[in-house]
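Worksheet: the structure to be examined is printed underneath.
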Amino acid sequence: MSYGVSRPVRALAVPAVVALLAAGCTAEPTSSGSTTPKRGGTLTIATDTDPGCLDPQQSPAAAALLTGRGVVDSLVAQDPTGGALVPWLAESWTVDQRATAFTFKLRTGATFSDGSPVDAAAVKANFDRIVDPATKSLLAAGLLAGYTGTTVSDERTVVVRFGQPNAGFLQAASTAFLGLQAPASFAAGPASTCRAVVGSGPFTVADYVPQQQVVLARRAGYRWAPKFAAHQDDAYLEKVVVTIASDNGVRSGSLRSGQVDAAGAVSPRDAAALDQDGFPVHKREQAGIAYSLFVNSAKEPWNDVALRRAVSRAIDPALIVKTLYQDRYAPAGSVLTPTTPDYVATAQPASAAEAARLLDAAGWVAGPGGIRSKNGQRLSLRWSYVAPAREQRDLLAQLVQQQLKAVGVEVVLEPAPVGDVIAKQSKGDWEMSDISFLRADADVMRTVLQSSAGGRPPVVADQALARDLAAGAATTEPEARRNSYHEAQQRIADQALAIPVYNPTYLLAVNKSVRGAGFDAQGLPQFYDTWVDR
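Using full-length UniProt numbering, the first residue of the sequence shown is number 1, and each one after it goes up by one.
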């Protein structure tokens with residue numbers, strides 16, 4: 001499902017290519033020069049995708065998270081260096097044994113940028129709003145699956161309850177998708193928050209011109225950053241200007257010419273040249289679901305595991321990475337990326353010979369043009385994917401098409417606008433799709449691959465997998481969760497329910513004036529600790 005972090009539109013949490021952005025990040029000096037942060041100045045960064053909607057409670061797009069993380073804070077934060085969950089707007093929490101009740105004690109003094117307090121009533125208003133169908137949340141509501149309500153015990157204490165175990169909720173609560181917004185801003189309706197989010201973060205939304213730019217302005221008086229941040233008061237930058245430039249060459253050219261200070265989502269092809277030209281490229285392998293291909297196991301003949309295994313063995317991730325991405329990305333070793341907690345390697349080496357053997361054994365014989373058939377049925381896959389899309393998606397699709405044709409499987413490519421792709425997938429009208437999703441928790445397999453939000457069929461409907469993922473969601477005991485998620489990844493590999501291709505990697509190029517450039521736990525840039533030396 002190719003909707004949005006990893007990587008057509010890079011975000012929708014429906015079978016999609018998506019993205020999550022969680023807490024802040026440690027600072028990384030980018031070049032020689034001053035090491036004492038300077039306050040003030042503007043950072044201009046060119047990115048590839050317009051947010052469309054700035055509200056992460058509504059939108060699952062990574063572009064919305066890129067700006068939204070600096071505007072909304074969350075109850076907890078996730079340390080980007082080790083993945084630990086630490087206090088943020090909540091100073092402490094407890095979880096019941098069944099992982100169905102989460103009690104948060106809020107810190108004092110935190111306020112939204114409209115001056116209202118971040119209190120228990122605000123937490124309740126936010127979570128109630130997210131699950132309200134009128135909000136039309138495309139992802140955040142899924143992270144609250146089973147939500148039965150929030151109880152306000154006192155001004156600083158809330159209990160968030162679920163009807164079934166949801167151990168992944170704590171990590172989900174660290175993401176911007178469940179970040180808190182000023183309840184007063186909800187009165188104007190979802191369309192209003194799409195244009196300007198009111199949060200408790202170190203920045204405010206100063207301007208948004210669709211398809212052109214988003215401007216963030218520093219907020220005075222910010223004093224509640226997570227403990228792993230490089231500093232604990234107002235953001236260093238006075239402004240952050242995020243400009244939209246879908247073309248890779250335009251972003252790289254703008255950096256070279258000095259029109260922007262940084263270029264996000266740099267293509268692997270441009271990264272080496274920028275490095276050589278004196279523009280450091282920072283690299284972060286992202287957590288979550290690896291960029292993977294999916295064959296619809298609910299449709300005949302693809303409900304036959306032998307066919308899915310044949311397709312899986314025919315596709316060569318190492319060749320794809322080397323050919324298209326100059327080895328800047330790593331071939332995927334599992335449906336999860338290695339930076340995701342509880343990852344386990346499950347990938348088998350590509351083998352066209354083994355793929356052909358499996359197809360022969362299943363009774364599919366070569367016909368006209370080398371494409372196999374059985375009982376008069378042509379062995380063909382329709383692949384609907386989002387276009388235009390970054391990351392050379394068309395070239396990747398053509399390479400996969402060639403690899404499968406070599407073993408007798410036809411792939412019909414159907415590039416289409418994101419809305420058309422989502423509409424098909426929401427109805428289960430797909431045969432092959434691609435997904436990637438950013439989230440630093442193995443529970444992402446449950447919330448993305450088995451989500452049936454909005455009545456849409458899940459990407460992967462497999463009862464054994466569902467049991468493994470439910471077991472992982474039902475316990476907060478680390479070893480038990482690890483075992484459940486290892487079994488889930490192995491089940492996906494054994495049944496060829498996903499074909500992992502590469503580990504999504506964010507490439508950020510900067511000029512020599514940029515300091516403190518870094519990434520959050522999910523592998524997206526952060527601006528709070530960034531400053532400019534000029």
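Cβ atoms here follow ideal geometry from the backbone N, Cα and C, with glycine treated the same way.
The alpha-carbon separation between ARG269 and TYR208 amounts to approximately 30 angstroms.
Sorting ARG372, SER200, ASP429 by C-alpha distance to the C-alpha of VAL407 places ARG372 at the top.
Secondary structure at PRO117: strand, using DSSP grouped into helix, strand and coil. Annotation for ALA141: ILE130, VAL131, THR135, ALA453 place their beta carbon closer than 8 angstroms to its own, counting only its chain and skipping 5 residues before and after. Annotated three-state conformation of PRO368 is helix, per DSSP. For ASP441, the CB contacts under 6 angstroms within the same chain, skipping 5 residues up- and downstream, are GLY168, GLN171 in chain order. In the three-state reduction of the DSSP assignment, LEU358 falls in the helix class. Its Cα nearest to that of ILE289, the residue ASP342 stands out among GLN259, ASP342, ARG313, SER116.
By the C-beta criterion, the stretch 210–219 is judged not to be in contact with the stretch 75–86, since fewer than 3 inter-stretch pairs fall below 8 angstroms. For ASP154 and THR111, the gap between their C-alpha atoms comes out near 17 angstroms. Residue burial annotation: ALA188 is exposed, with fewer than 16 other C-beta atoms found within 10 angstroms of its C-beta. For PRO60, no alpha helix (DSSP H) encloses it, and the DSSP letter there is neither H nor E. Along the length of the stretch 299–340, whole alpha helix (DSSP H) runs at least 4 residues long occupy 305–314, 317–325, reported in chain order. In the three-state scheme derived from DSSP, where H, G and I count as helix and E and B as strand, LEU507 is classed as strand. With 16 or more other Cβ atoms inside 10 Å of its own Cβ, PRO458 counts as buried. Cβ-Cβ distances below 6 angstroms link LEU507 to VAL266, ALA271, VAL281, LYS283 in the same chain, with the five nearest sequence neighbours on each side left out; the list follows chain order.
Residue environment analysis places LEU395 among the exposed positions, since fewer than 16 neighbouring C-beta atoms fall within 10 angstroms of its C-beta. When C-alpha distances from ALA310 are compared across GLU285, SER334, THR103, ALA361, the shortest belongs to ALA361. For the pair VAL335 and ALA64, the Cα-to-Cα distance works out to about 25 angstroms. For VAL215, the three-state secondary structure derived from DSSP is strand.
Where GLN78 is concerned, the enclosing beta strand (DSSP E) starts and stops at 76–78. In this structure, the beta-carbon distance from LEU43 to VAL240 falls below 7 angstroms.
Looking at the DSSP output, ALA101 sits in a beta bridge with ARG161.
Counting only runs that start and end inside the stretch 163–223, the alpha helix (DSSP H) elements of at least 4 residues fall at 169–172, 190–195. In this structure, ASP434 keeps its C-beta atom at 7 angstroms or more from the C-beta atom of TYR485.
In the three-state scheme derived from DSSP, where H, G and I count as helix and E and B as strand, THR135 is classed as helix.
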